[in-house]
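In our numbering, the protein residues as written are 2 to 376.
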Ligand code: PMP
Ligand code: GLN
């Protein structure tokens with residue numbers, strides 16, 4: 002008997018594979034296609050000949066952990082204790098999985114806001130717990146009334162993703178006030194805040210859970226160097242949690258991976274001395290603006306994008322087909338791959354919306370736009 006009977010191959014894998022088969026331009030799975038910063042590849046090349054190939058300590062390479070402490074201090078003015086509150090993980094995915102496995106028990110409920118990234122539900126199910134999926138409003142703002150209705154004495158965890166994949170929406174100060182009000186009524190609920198796109202916001206600044214006092218003792222923050230340094234394949238990130246939760250998270254981590262690959266930890270610890278994460282927002286804002294300009298007179302209707310490197314677009318003017326069928330035809334008939342938004346909903350709500358990834362060099366964006374323009 003399957004432990005995850007309703008889980009099939011992830012839509013990101015399906016669409017990327019199909020894009021390769023049909024030689025389509027791949028704007029589906031979220032990864033950059035431009036070269037990585039040479040300062041980072043130079044560090045890596047140099048390190049390969051040094052003595053950095055053995056296990057690091059279980060929770061992370063100490064100099065990297067100190068660099069992460071500094072990064073959080075400079076970004077959010079928060080000081081964390083690396084020995085007690087920090088864990089280096091094999092990507093944010095492992096941080097999310099490990100956290101849920103360590104903290105959620107049989108029969109617990111976990112609130113997940115739809116549309117939602119695909120890594121949240123399965124670990125909850127593997128804990129014999131119940132995902133409670135609550136739809137965001139049509140403009141992708143959280144509906145705090147319906148979220149509150151979904152909470153009960155059984156609710157163990159609420160997962161928030163800010164900036165939000167796939168919609169590019171970010172949470173506001175008012176959202177955090179509403180969250181604070183709600184949590185004050187439910188002292189048992191802990192929050193898992195997935196902030197992998199924390200440095201990729203545009204007109205409005207990202208508000209991190211790190212900056213909210215009411216969350217510090219009940220929130221786990223997950224981040225990814227894959228997103229911040231254009232190295233999704235390195236699978237390296239980190240998780241921050243208060244000591245009493247981190248103690249449990251580390252118990253699972255040591256049996257899941259024990260420690261994260263050493264050379265990338267050392268390389269990133271050195272790279273953090275020279276890189277400025279604050280340039281990332283501007284970099285991707287230019288990409289967003291360029292992609293939007295290329296598509297502005299097309300038949301796609303582009304939705305607002307406040308952060309992340311994803312652009313949601315409606316094709317309602319083009320076709321009545323459901324979004325999965327439309328995305329498949331977009332590959333086979335038009336040579337561009339995208340992700341159908343219905344796959345981010347538990348009830349596969351089809352709204353004729355698809356997601357494009359604009360973390361691509363300008364030539365790729367131009368070539369894709371030319372094809373999309375003709376539809
Ligand atoms: N959370 C979100 C919202 C994501 O989009 C992704 C995809 N990269 C992840 C987590 C996973 O990050 P990583 O590749 O570091 O595991
Ligand atoms: N986070 C990536 C996206 O949203 C996918 C990562 C993956 O394929 N697991 O496209």
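Where a beta carbon is used, it is the ideal one built from N, C-alpha and C, also for glycine.
Exercise. Under the DSSP definition of a beta bridge, which residues are partnered with residue 202?
Worked result: Beta-bridge analysis with DSSP links residue 202 to 308.
Exercise. Who's in the neighbourhood of the ligand GLN, going by beta-carbon under 6 Å from any heavy atom, listed in chain order?
Worked result: This criterion selects 11, 13, 30, 31 and 166.
Problem set entry | Top-ranked residue by Cα proximity to residue 90, from 82, 236 and 53 | Out of 82, 236 and 53, 236 has the C-alpha closest to the C-alpha of residue 90.
Exercise. Ends of the alpha helix (DSSP H) at residue 333?
Worked result: Taken as a continuous stretch (DSSP letters only), the alpha helix (DSSP H) holding residue 333 covers 324-335.
Exercise. Is the stretch 144-163 in contact with the stretch 240-247, if contact means three or more CB pairs nearer than 8 Å?
Worked result: No contact exists between the stretch 144-163 and the stretch 240-247.
Exercise. Can we count residue 162 as close to the ligand PMP, meaning its CB is less than 7 Å from some heavy atom?
Worked result: For the ligand PMP, at least one heavy atom lies less than 7 Å from the Cβ of residue 162.
Exercise. Would you call the CB atoms of residue 253 and residue 103 closer than 8 Å?
Worked result: Contact flag set, yes.
Exercise. For the ligand PMP, is there a heavy atom less than 7 Å away from the beta-carbon of residue 227?
Worked result: The answer is yes for residue 227.
For this session: Measure from the alpha carbon of residue 270 to the alpha carbon of each residue in 113, 25, 31 and 71, then state which is nearest.
Result: The shortest Cα separation from residue 270 among 113, 25, 31 and 71 belongs to 71.
Exercise. Among 149, 263 and 334, which residue has its Cα nearest to the Cα of residue 48?
Worked result: The shortest C-alpha separation from residue 48 is found at 263.
Exercise. In chain order, what residues of the same chain have a beta carbon less than 7 Å from the beta carbon of residue 143, not counting five sequence neighbours either side?
Worked result: If the five residues before and after residue 143 are omitted, its C-beta is found closer than 7 Å to the C-beta atoms of 114, 137 and 176, all from its own chain and listed in chain order.
Problem set entry | residue 210 Cβ short of 7 Å to the ligand PMP heavy atom set | A distance criterion of 7 Å places the beta-carbon of residue 210 beyond contact range of the ligand PMP, judged by its closest non-hydrogen atom.
Problem set entry | Stretch-stretch touch, CB-based, cutoff 8 Å, three pairs: the stretch 365-375 with the stretch 289-296 | Contact annotation: the stretch 365-375 touches the stretch 289-296, with at least three C-beta pairs closer than 8 Å.
Problem set entry | Straight-line gap, residue 303 to residue 356 (C-alpha atoms, nearest Å) | Their backbone Cα atoms lie some 10 Å apart in a straight line.
Exercise. Which full runs of the alpha helix (DSSP H) of 4+ residues lie inside the stretch 214-272, going along the chain?
Worked result: 214-217, 226-229, 244-257 and 263-272, all fully within the stretch 214-272.
Exercise. When DSSP labels each residue in this structure, what does residue 185 get in the three-state scheme?
Worked result: Here residue 185 sits in helix by DSSP.
Problem set entry | In DSSP terms, what residue 162 is bridged to | According to DSSP, which records beta bridges pairwise, residue 162 is partnered with 195.
Problem set entry | Presumed contact (8 Å Cβ cut-off) between residue 25 and residue 325, rounded CB distance | About 16 Å; that fails the 8 Å criterion.
Exercise. Expressed to the nearest angstrom, what Euclidean distance is found between the alpha-carbon atoms of residue 286 and residue 203?
Worked result: Between residue 286 and residue 203, the C-alpha separation is close to 6 Å.
Problem set entry | Candidates 11, 141, 12 and 362, of which the one nearest residue 116 by Cα | Of the candidates 11, 141, 12 and 362, the one whose C-alpha sits nearest the C-alpha of residue 116 is 141.
For this session: Tell me the start and end of each unbroken beta strand (DSSP E) in the stretch 85-148 that is at least 3 residues and wholly inside, in chain order.
Result: Listed in chain order, they are 87-90, 110-115 and 131-136.
Exercise. With respect to the alpha helix (DSSP H) encompassing residue 208, which residues constitute its N-terminal and C-terminal limits?
Worked result: Looking at the DSSP string, residue 208 is not in any alpha helix (DSSP H), and its letter there is neither H nor E.
Exercise. Since residue 27 sits in a beta bridge, which residues does DSSP pair it with?
Worked result: Looking at the DSSP assignment, residue 27 forms a beta bridge with 338.
Exercise. Do residue 120 and residue 97 have their CB atoms nearer than 8 Å?
Worked result: Annotated as proximal: residue 120 and residue 97, with beta-carbon spacing under 8 Å.
Exercise. Residue 94 to residue 306, Cα distance in whole Å?
Worked result: Looking at the two C-alpha atoms, the distance is approximately 23 Å.
For this session: Leaving aside the five residues before and after residue 1 along the sequence, list all residues of the same chain whose C-beta is less than 6 Å from its C-beta, in chain order.
Result: One cannot answer for residue 1 here, as it falls past the ends of the chain, which runs 2 to 376.
Exercise. Which of helix, strand or coil does DSSP assign to residue 344?
Worked result: Here residue 344 sits in helix by DSSP.
Problem set entry | Three-way DSSP call (helix, strand, coil) for residue 365 in this model | Looking at residue 365 - three-state DSSP - the assignment turns out to be helix.
For this session: Examine the ligand PMP and report whether any of its heavy atoms sits within less than 7 Å of the Cβ of residue 17.
Result: When distances are taken from the beta-carbon of residue 17 to the heavy atoms of the ligand PMP, even the shortest one reaches 7 Å or more.
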